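Just so we're aligned, residue 47 is where the sequence shown starts under my numbering, counting upward by one.
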Amino acid sequence: MTARRPADVRTRRRSAHRYGLKAETVAAIWLTCKGYSILARRWSANGGEIDLVARRGRAVAFVEVKARADLDAAADSIGPAKRRRIARAVHAWLARNPWALGFTLRGDAVFIAPGRLPRHVPAAYRLEIE
């Protein structure tokens with residue numbers, strides 16, 4: 047078994063990062079086509095990150111974008127640790143955007159897989175912000 051060279055790891059990470067950015071762009075376009083306004087992209091604070099913050103009507107969605115080989119694998123990838131990191135960022139976002147406190151707040155997801163249309167799942171995960 048051979049060890050990975052640091053350059054190989056860096057190349058893979060850069061490639062994965064670019065793929066993730068493209069997936070977030072696709073998700074933002076998809077949500078815009080569904081009538082959402084994108085309020086923020088890649089918003090981070092307090093050790094957490096929100097891929098997209100989107101609004102439609104009286105709902106504000108904190109959207110996690112997951113790109114995987116298939117849509118089911120993407121759906122399974124939002125675990126408890128990820129939800130805690132999102133919650134930290136949501137708390138900070140709400141502190142800076144108190145106007146949103148009177149809105150319905152949701153944890154949505156957009157799943158991206160090659161050769162498939164994106165899948166938007168409203169309320170895909172529970173926001174742990176109480």
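Glycine is no exception: its CB is placed at the ideal position from the N, C-alpha and C atoms.
A quick note: this is a predicted structure, and the numbers were derived from the prediction, not measured.
Taking residue i as the reference, which of the options has the closest Cα?
{"i": "S83", "options": "A69, A91, F108", "result": "F108"}
{"i": "R101", "options": "A141, C79, V55, R114", "result": "C79"}
{"i": "S90", "options": "G148, R162, R142", "result": "R142"}
{"i": "Y65", "options": "I158, R162, T150, L77", "result": "I158"}
{"i": "L77", "options": "V106, R60, R59, W145", "result": "V106"}
{"i": "W145", "options": "R58, R104, H166, P52", "result": "R104"}
{"i": "A113", "options": "R172, P164, G148", "result": "P164"}
{"i": "A127", "options": "R88, R172, T150, L147", "result": "R172"}
Near residue i, what residues of its chain come up, given a Cβ to Cβ distance below 8 Å and the 5 sequence neighbours on each side ignored?
{"i": "G86", "result": "The residue asked about is misnamed: residue 86 is Ala in this sequence, not Gly. Excluding positions up to five away in sequence, the list reads I96, L98, V99, W139."}
{"i": "N178", "result": "The chain is shown from 47 up to 176; residue 178 falls before or after that span and cannot be answered."}
{"i": "P179", "result": "Here the chain covers residues 47 to 176 and nothing more, so residue 179 does not appear."}
{"i": "A170", "result": "E110, A121, I124, G153, D154, A155"}
{"i": "V167", "result": "A121, D154, A155, V156, F157"}
Return helix, strand or coil for residue i, following the three-state DSSP convention.
{"i": "S90", "result": "strand"}
{"i": "A107", "result": "strand"}
{"i": "E174", "result": "coil"}
{"i": "D116", "result": "coil"}
{"i": "I124", "result": "coil"}
{"i": "G148", "result": "helix"}
{"i": "L85", "result": "strand"}
{"i": "L163", "result": "coil"}
Given residue i, which residues of its chain have a CB within under 6 Å of its CB, disregarding the five upstream and five downstream residues?
{"i": "A62", "result": "none"}
{"i": "L111", "result": "The sequence given here has Val at residue 111, not Leu. These residues qualify, in order along the chain: A69, E70, A73, D97, V156."}
Under 7 Å from any heavy atom of the ligand GTP, does the C-beta of residue i make it?
{"i": "N143", "result": "Here there are no bound small molecules, and the ligand GTP is not part of this structure."}
Below 8 Å between beta carbons: does that hold for residue i and residue j?
{"i": "R131", "j": "E174", "result": "no"}
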